[in-house]
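Novice:
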Amino acid sequence: MGEQVRDGFAELYGTAPEGVWSAPGRVNLIGEHTDYNDGFVMPFALPHTAVAAVSRRADGVLRLHSADVDGGVVELRLDDLVPGTDRTWTAYPAGVVWALREAGHPVTGADVHLASTVPAGAGLSSSAALEVVVALALNDLYELGLPRWKLARLCQRAENVYVGAPTGIMDQTASACCEEGHALFLDTRDLSQRQIPFDLAAEGMRLLVVDTRVKHSHSEGEYGKRRAGCERGAALLGVDALRDVPYGELDAALARLGDDEEAVRLVRHVVTEDERVEKVVELLRAGDPRAIGPVLVAGHASLRDDFRISCPELDLVVDTALATGALGARMTGGGFGGSAIVLAEAADVDTVTKAVQEAFAAAGFTAPRVFEAVPAAGARRLS
Ligand code: GAF
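The opening residue of the sequence shown carries number 1 in full-length UniProt numbering; numbering runs sequentially from there.
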């Protein structure tokens, strides 16, 4: 896609771009809604990427164009970028420029042409990919020298403040830092990372992504409500973040919350989910990837019953996959729609896929999009 985006830039702006960059979407293997609780996550990068051809400008103007969106070039003045004022796709790249400048980095303008293969609204981080690809391009072109984790932080700030979605740090870090063939074990408190080899094909297994086609959006209220609920739970327990509640002390912590049913549910999810991430890391390191199946299933139950962010389509994927022999399955990402993942023996993939498709048809749901996910590279310069 790099060549196409390079050519698209030249056609649009009448000159070749200074460079072309790509940044992937992600799938989260385990560790959901733990990132804004200072906890653990374990995403890996998808082969689906946002690609950006970019050149610098010196006149305080940002020109943005997307091959995926109808409409022409959007021209913005850097001095006029104001958080919370843009409700369209341009808020993501513009938000990154705003965040870089707000942090004191000398970005004086850019021409940008983008195209993305990351499905939008599918819980696969299409917006983080857009943010990270622009951040990496500007970091290179303006020689800012920012490390990947810092670029991820700036992209998160763009999303939280400029776009107005109160998301955590997982998606941007995944897009910026993942490595091919690996899942990223990330501690969202200090952003320390470990690349965990994750090659299911070598073990005769596959990981499917099932996009339910139910669109979700984080700027809508439910994500923010869960986040606020977790913060309230932490305050009730007298800790900085739910990460600080040790798994071994969970029962005692829940007892202290008494009949505050909502706090009990949210705290239980986050604390057990952190434990599940550590369990998956341990199993993968022990060379026992099949054993992660039940951990994924427990994660789904917790998101469905305690965190309450699943939906009938996601539950149907999980139930159908498990009933037809999958090793594990769970919703992935922010919830309220989007995608589920299914871990299956290679030999069972066709049966499971067909069963899910038939179950969706029988329920009268829109046909899901199913594809195999293999851990791909993180953000990089293409040319
Ligand atoms: C979304 C958010 F953007 C992430 O920060 C994370 O909270 C995730 O939902 C849930 O794990 O993708």
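Each residue gets a CB set at the ideal place from its N, CA and C atoms; glycine is no exception.
When you compare only the Cα positions, how much space is there between M170 and V342?
Specialist: Numbered from 1 along the sequence shown, position 170 holds the residue referred to as residue 170. Numbered from 1 along the sequence shown, position 342 holds the residue referred to as residue 342. Those two C-alpha atoms are separated by around 21 Å.
Novice: Near S219, which residues of its chain fall below 8 Å by C-beta distance, leaving aside the five closest residues on each side in sequence?
Specialist: Numbered from its first residue, the sequence shown carries residue 219 at position 219. With a pLDDT of 45 at S219, under the threshold of 50, the modelled position of this residue cannot be trusted; read the value that follows with caution. Taken in chain order, the residues that qualify are V163, G164, A165.
Novice: Which residues count as close to the ligand GAF when the rule is a CB under 5 Å from any of its heavy atoms, in chain order?
Specialist: In chain order, the qualifying residues are E32, H33, D35, T167, G168, M170, D171, G333, G334.
Novice: Do I292 and G328 have their beta-carbon atoms positioned less than 8 Å apart in this structure?
Specialist: In the sequence shown, the residue the question calls residue 328 occupies position 328. In the sequence shown, the residue the question calls residue 292 occupies position 292. For G328 and I292, yes; Cβs fall inside 8 Å.
Novice: Around the Cβ of R77, are there at least 16 other Cβ atoms within 10 angstroms (buried) or fewer (exposed)?
Specialist: What you label residue 77 is simply residue 77 of the sequence shown in a count that begins at 1. Label assigned to R77: exposed.
Novice: I need the straight-line Cα distance from E102 to P93, nearest angstrom please.
Specialist: For the purposes of this step, residue 102 is taken as the residue at position 102 of the sequence shown. For the purposes of this step, residue 93 is taken as the residue at position 93 of the sequence shown. Whole-angstrom Cα-Cα distance: 14 Å.
Novice: Let me make sure I understand the geometry here. Which of W98, R256, H48 has the alpha-carbon closest to that of L154?
Specialist: Residue 154 sits at position 154 when you count from the first residue of the sequence shown. Checked all of W98, R256, H48; the closest Cα to L154 is W98.
Novice: Alpha carbon to alpha carbon, what distance is there between A321 and E3?
Specialist: Along the sequence shown, one-based indexing puts residue 3 at 3. Along the sequence shown, one-based indexing puts residue 321 at 321. If you take the alpha carbons of E3 and A321, they lie about 39 Å apart.
Novice: Give the range of the alpha helix (DSSP H) segment to which E313 is assigned.
Specialist: As a first step, residue 313 is located in the sequence shown; it is residue number 313 there, counting from the start. Taken as a continuous stretch (DSSP letters only), the alpha helix (DSSP H) holding E313 covers 312-323.
Novice: Counting Cβ pairs, one atom from each stretch, are 3 or more of them under 8 Å apart for the stretch 283-300 and the stretch 190-207?
Specialist: Short answer: they touch.
Novice: Check whether the Cβ atoms of G168 and G338 lie closer than 8 Å to each other.
Specialist: The count along the sequence shown starts at 1 and reaches residue 168 at position 168. The count along the sequence shown starts at 1 and reaches residue 338 at position 338. Not closer than 8 Å, so no.
Novice: Is F185 helix, strand or coil by DSSP?
Specialist: Residue mapping note: residue 185 aligns to position 185 of the sequence shown, counting from 1. Strand at F185.
Novice: I need the DSSP call for T49, collapsed to helix, strand or coil.
Specialist: Locating residue 49 in the sequence shown gives position 49, where the first residue counts as 1. Strand at T49.
Novice: Can you tell which of W21, S175, D111, R148 has the C-alpha that lies nearest to the C-alpha of A376?
Specialist: In the sequence shown, residue 376 corresponds to position 376, counting from 1. Nearest C-alpha to A376: S175.
Novice: What are the boundary residues of the alpha helix (DSSP H) that H269 is part of?
Specialist: For the purposes of this step, residue 269 is taken as residue 269 along the sequence shown, with counting starting at 1. Looking at the DSSP string, the run of the alpha helix (DSSP H) that includes H269 is 261-285.
Novice: Please go through the same chain and pick out, in chain order, the residues whose beta-carbon is closer than 7 Å to the beta-carbon of Q172, but skip the five residues on each side of it.
Specialist: Within the sequence shown, numbered from 1, the residue matching residue 172 stands at position 172. Excluding residues within five positions, the ones whose Cβ falls inside 7 Å are A128, E131, V132, A152, C155, Q156.
Novice: Count the other CB atoms, across all protein chains shown, that sit within 10 Å of the CB of P312; report buried if there are 16 or more and exposed otherwise.
Specialist: Here residue 312 refers to the residue found at position 312 of the sequence shown. P312 should be labelled exposed.
Novice: Note down the Cα distance separating A253 from A263, rounded to an integer number of angstroms.
Specialist: Position 253 of the sequence shown, counting from 1, holds the residue named residue 253. Position 263 of the sequence shown, counting from 1, holds the residue named residue 263. Approximately 11 Å, taken between the alpha carbons.
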